[in-house]
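A.B. asks: With mature numbering (1 follows the signal peptide of the UniProt record, and there is no 0) as the guide, the letters of the sequence shown map in order to residues -25 to -1, 1 to 529. No residue lacks a Cβ here, since even glycine has one placed at the ideal position from N, Cα and C.
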Amino acid sequence: MATTPISILNPLLLLLLLSRPLTVAAPGGGKWDLLLSNIGVSAMHMQLLNNDRVIIFDLTDFGPSNISLPNNRCRNNSRDLTLKIDCTAHSVEYNVVTNSIRPLYIFTNTWCSSGATMVDGSLLQTGGYNDGDQNTRVFKACTKGACDWQEFDHVLTKRRWYATNHILPDGRQIIIGGTGQFNYEFYPKRSGADLSYNLPFLSQTNDPRIENNLYPFVFLNVDGNLFIFANNRAILFDYIKGVVVRNYPTIPGGDPRNYPSSGSAVLLPLHLGVSNIVTAAEVLVCGGAPKGSFTSTSNGNFIGALNTCGRIRITDPNPQWVMESMPLARVMGDMVLLPNGNVLIVNGASSGVAGWDLGRDPVLTPVVYRPNNPVESRFENQASSTRPRMYHSTAVLLRDGRVLVSGSNPNAYYSFARARFPTDLTVEAFSPDYLDGGSVNLRPSIVSPASRANIGYGKQLPITFTVKGTVNKNLLMVTMVAPAFSTHSFSMNQRLLVLGSGSEIGASLRARGRSSYQVRVRTPGSSILAPPGYYLLFVVHQDVPSQGIWVQIK
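1. Closest to TYR69 by C-alpha separation, out of LEU417, THR401, SER466, would be which residue?
2. Exposed or buried, ARG54, counting other C-beta atoms within 10 Å across all chains shown (16 or more means buried)?
3. If you reduce the DSSP assignment to three classes, tell me which class GLU479 lands in.
4. Check the C-beta distance from PHE114 over to SER97 and give it rounded, since I have them as a contact under 8 Å.
5. Is the closest heavy atom of the ligand FAD to the C-beta of ASN276 under 6 Å?
6. For a quick check, are the C-beta atoms of PHE161 and ILE149 less than 7 Å apart?
7. With which residues is THR441 paired in a DSSP beta bridge?
8. For the beta strand (DSSP E) holding THR272, just list the boundary residues, first then last.
9. Let me make sure I understand the geometry here. Which of TRP86, THR254, PRO231 has the alpha-carbon closest to that of ASN105?
10. Looking at the structure shown, is LYS448 part of a helix, part of a strand, or coil, going by DSSP?
11. Cβ of GLY308 within 7 Å of Cβ of SER239?
12. Could you have a look at GLU351 and say whether DSSP puts it in helix, strand or coil?
13. Identify whether ALA1 lies in helix, strand or coil by the three-state DSSP scheme.
14. Here's the rule I'm using: 16 or more other beta-carbon atoms within 10 Å means buried, otherwise exposed. How should ASN52 be labelled?
15. Assuming contact is defined by CB atoms lying nearer than 7 Å, are GLY508 and VAL94 in contact in what I supplied?
16. Whole-angstrom Cβ separation of THR290 and ALA256, contact assumed at under 8 Å?
17. Below 6 Å CB to CB, which residues in the same chain sit around PRO419 once its five sequence neighbours on both sides are set aside?
18. I'd like the ranges of any beta strand (DSSP E) spanning at least 3 consecutive residues and lying wholly in the stretch 278 to 338.
19. For ASP399, which residues of its own chain have a beta-carbon under 6 Å away from its beta-carbon, when the five flanking residues on both sides are left out?
20. Can you list, in chain order, the residues of its chain with a C-beta nearer than 6 Å to that of GLN179? Leave out the 5 residues immediately preceding and following it.
21. Could you give the residue range of the alpha helix (DSSP H) that holds PRO385?
22. Going by C-alpha to C-alpha distance, which of HIS129, THR225, TYR366, GLY444 sits closest to ARG489?
23. Check whether the stretch 325 to 341 and the stretch 353 to 373 touch, using three or more Cβ-Cβ pairs below 8 Å as the test.
24. Output the residue ranges of the alpha helix (DSSP H) runs that lie fully inside the stretch 161 to 185 and measure 4 residues or longer, sorted by chain position.
25. In this structure, how does DSSP classify VAL514 when only helix, strand and coil are distinguished?
26. How would you label ASN25, buried or exposed, when you count the other beta carbons within 10 angstroms and need 16 or more for buried?
27. Closest by CA to LEU281, which one among VAL321, ARG232, GLN295, PRO294?
28. Using beta-carbon positions only, say whether GLY334 and ARG305 come within less than 7 Å of one another.
29. Our contact map puts ALA370 next to ASN322 with C-beta atoms below 8 Å; I'd like the distance itself, whole angstroms only.
30. Residues bridged to SER239 by DSSP?
31. For ASP213, does the three-state DSSP call read helix, strand or coil?
32. So ASP408 and GLY5 are supposed to be a Cβ contact under 8 Å. How far apart are they, rounded?
33. Whole-angstrom Cβ separation of GLY500 and ILE252, contact assumed at under 8 Å?
34. Just verifying my parser: in three-state terms, what is the DSSP assignment at residue 554?
35. Alpha carbon to alpha carbon, how far is GLU479 from TYR492? Give it in angstroms, no decimals.
36. Return the first residue and the last residue of the beta strand (DSSP E) that VAL157 is part of.
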């Protein structure tokens, strides 16, 4: 049962929220900081916006949350399945700079919905459950604290619950699948002409007893087609013509990797190089639950999670999966691309599946995967957290290189006292080892361009930066990262481009004064490589990234 809602106007709460973070030291690389002990809602969904605010929300049918709506505002919804009149918020805005929160107003149910940012940097959020399953919602980034959700009824042609979004080269978003939906549609609609379109692959990979192909893993390939992974199979899909271009081999072992088996996946960094042409793209799928796990958990038998990752070069003429073993088995983990091109794997459990109280044995130790290392030396355990992050946990990259981690509520409602894994309302940050004090002299600081600069496609981009120590020109890299929408162990629209590295950009390095340097890179050549919108731009020196700056490409 939920505790009594806390008013946002209470000065004691504000004092708590603005208190200094608690740092937790632990063996292994990196460190954990407890930022806030109570944000009021469970972070089922998270998205970083280009104003350094993170939009966090769960669902409206949980009953009261732990934070009140301001100004005595209440939500009066006769279709709510739990509480018709609710004066608490189910979404908050987290301000990274001030380490504070602000309650937001959502009217219809966002349970297990999807989303991604649009060209102007706004968050488009789609679907949900019950009264919200065909709705869209938009949150526009602003800095004056006056922004809130805008909601639009019955915009989607189908009910979208557990669907996946991805931004396309023309700036639209494609929304794929969902419970009982073996189809896709686009947003925004083109003069009402866009309908939904069948995708038989989703019905072919669907087990009707389990529906273990929900939240499919979707990535835009460098040829403009979509890589779609569902259950244990993948296709390359031409969404314009509506045809399957290629069928990929089943992942070895044949175990399911999507919800509720809930592994995770990333498109590994795309290297542009001097030619500004990308011919190779790789996908990494990690963790999940073995076949039969969902049925077993329903009978009280919690099977150990998978410790395998499958890596496949999706652009090869004859692509094959290459299997690797993680040091820790994991289901319900989150995979986050770090600015230096490595992958952080965090959160989750070592047995069971996703669902209400269907996971056991929390995995408290994150792992870093270094894709460019030799096969046997790619994984490295990191500092352990003290907090279980089970079902409905999330993780997003911040501009300063930390990873914001929150959520965990494997309970049907807010439950703090009697639950095996109580609802967690805290927010933590994991700081990778590149933020350790010993890296200060290696860390670049971008001077220009200014943050929020507009950049075009295929243009020369001079970047001025400072470094306290000596610069190794062969160990420089410039990366561009799309902020992702994190929910249910998958980060939608996550993408990292390497604009130049090593000798490619080292040759352009010029001193501009004491500890000041300039390099030149070429921006992505097309919207297929980098769909229009806001990205974080980083200079990386000896694996240590600068603080990012926001750039908009369109």
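C.D. replies: So, to answer that:
1. For TYR69, the closest C-alpha among the options LEU417, THR401, SER466 is that of THR401.
2. exposed
3. Correct three-state label for GLU479: helix.
4. 6 Å
5. The ligand FAD is not part of the structure shown, which contains no ligands of any sort.
6. yes
7. SER420, SER491
8. Where THR272 is concerned, there is no enclosing beta strand (DSSP E), although the alpha helix (DSSP H) it sits in stretches over 268 to 273.
9. TRP86
10. helix
11. yes
12. If DSSP states are grouped into helix, strand and coil, GLU351 belongs with the helices.
13. Confidence at ALA1 is low in this model, with a pLDDT of 48, below 50, so the placement of that residue should be treated as unreliable; the coordinate-derived value is given next. Three-state result, ALA1: coil.
14. buried
15. yes
16. Indeed, because the Cβ distance is near 5 Å, the residues count as touching under 8 Å.
17. PHE440, VAL442, VAL514, HIS516, SER521
18. Entirely contained in the stretch 278 to 338, the beta strand (DSSP E) runs reaching 3 residues are, in chain order, 283 to 288, 297 to 300, 309 to 312, 318 to 321, 324 to 327, 334 to 337.
19. Excluding its 5 nearest sequence neighbours in each direction, ASP399 has C-beta neighbours in its own chain below 6 Å: SER383, listed in chain order.
20. none
21. Note, PRO385: premise wrong, no alpha helix (DSSP H); not H, not E.
22. GLY444
23. With contact defined as three or more Cβ pairs closer than 8 Å, the stretch 325 to 341 and the stretch 353 to 373 are in contact.
24. 175 to 179
25. strand
26. Buried is the call here.
27. ARG232
28. no
29. 6 Å
30. CYS261
31. DSSP, reduced to helix, strand and coil, places ASP213 within a strand of the structure shown.
32. 5 Å
33. Indeed they touch by this definition, with Cβ atoms about 7 Å apart.
34. This structure gives no information on residue 554, because the portion of the chain shown stretches from -25 to 529.
35. TYR492 and GLU479: Cα-Cα distance of roughly 16 Å.
36. Reading off the sequence, residue 157 comes out as Phe, not Val. Unbroken run through PHE157: none, as it is neither H nor E.
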